[in-house]
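The sequence shown lines up with residues 1225 to 1437 when you count with the numbering used here.
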Amino acid sequence: MASWDWSTVSALATAGGTLVLAGASFASIRSADRAALSAERAVLASLRPLLVASTLEAPSQKLIWMDGHACRLTGSAGYLRVTDENLYLAASLRNIGPGLGVIHGWRIADAESYGQTRHADPADFRRQARDLYVAPGDTGFWHAALRDPLDPDFQALLDPVKNRVRVNIDLLYGDAEGGQRTISRFSLIPVGVEDAWICQVVRHWNVDRPDPR
């Protein structure tokens, strides 16, 4: 009987030790996972871009479209111009994030958009014909063109540009690794000088991670 008791105690002690060891291993794994997650977040944060309108003091930039159309874009400026067959759009931008910004596409946003809480579907964006990058802490630009007068977007922009009414543009962009996609809404607002527009950022949405608000 005593021998059986000692065997039982020994087995229970072994089981208890195994349970304690398993608990310690689980805690260690969880701690390692948290450390890895924190390190991953730190790396992603260091790669993350955030585009806003450039400052008034930003250097002017010369933009040239593939068909030879050109303009000089000053700090904080937007650009909207209709010719006989084409419609040109541009905006002077600044990247206030720590990572390289890569612009993926654009879309026309609704005029009354300040109360909108959900971002548009990335599939609805027009793809950039040219790769556009904005370096961290630096000034850059976005530009695009519509070359088909029958294009619905061409028709949607024609009257606002001719009548000098505010135009809202959503830009879809991400980091240099192709992730952390963000949608930023920019308003191109007419100012007093003829054909002059100013660029102003309105809202930001995170596509691949929770929104901060």
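Quick reminder that beta carbons are idealized off the backbone N, C-alpha and C, glycines included. For clarity, every value in this text was computed on a predicted model and none was experimentally measured.
Relative to the C-alpha of F1410, which candidate in D1432, D1377, A1359 and W1366 has its C-alpha closest? The residue from D1432, D1377, A1359 and W1366 with its alpha-carbon nearest to that of F1410 is W1366.
Just to confirm, are V1326 and L1275 a CB contact at a threshold of 8 angstroms? No; because the gap between Cβ atoms is not below 8 angstroms, this pair is not in contact.
Who are the Cβ neighbours of A1226 in its own chain at under 6 angstroms, not counting the five residues just before and after it? Legend: pLDDT at A1226 = 48, less than 50; position of this residue unreliable, value from coordinates given subsequently. There are no such residues.
Give the straight-line distance between the Cα atoms of G1329 and H1428, rounded to the nearest whole angstrom. The C-alpha of H1428 is placed about 15 angstroms away from the C-alpha of G1329.
Report the three-state DSSP secondary structure of R1318 (helix, strand or coil). Of the three classes helix, strand and coil, the one that applies to R1318 here is strand, per DSSP.
Beta-carbon proximity of V1425 to A1314, cut-off 8 angstroms: No; because the gap between Cβ atoms is not below 8 angstroms, this pair is not in contact.
Hey, how far is the Cα of D1372 from the Cα of Q1404? Taking the straight line joining both Cα atoms gives about 32 angstroms.
If you drop the 5 nearest sequence neighbours on each side, which residues of the same chain put their C-beta closer than 8 angstroms to that of S1493? With the chain represented from 1225 up to 1437, any question about residue 1493 goes unanswered, as that position is not in the structure.
Just mark N1392 as buried or exposed, buried being the case when its beta carbon has 16 or more other beta carbons within 10 Å. Within 10 angstroms of the beta-carbon of N1392 lie 16 or more other beta-carbons, which makes it buried.
Assuming P1273 and D1399 are in contact, meaning their beta carbons sit under 8 angstroms apart, how far apart are those beta carbons, in whole angstroms? Their Cβ separation, rounded to whole angstroms, is 6 angstroms, which keeps P1273 and D1399 in contact under 8 angstroms.
Where Q1464 falls: helix, strand or coil (DSSP): Within the shown structure, residues of the chain are numbered from 1225 to 1437, placing residue 1464 beyond reach of any answer.
Could you work out which residue in L1311, I1422 and R1433 is closest to A1380 when comparing CA atoms only? Here the closest residue by C-alpha is L1311.
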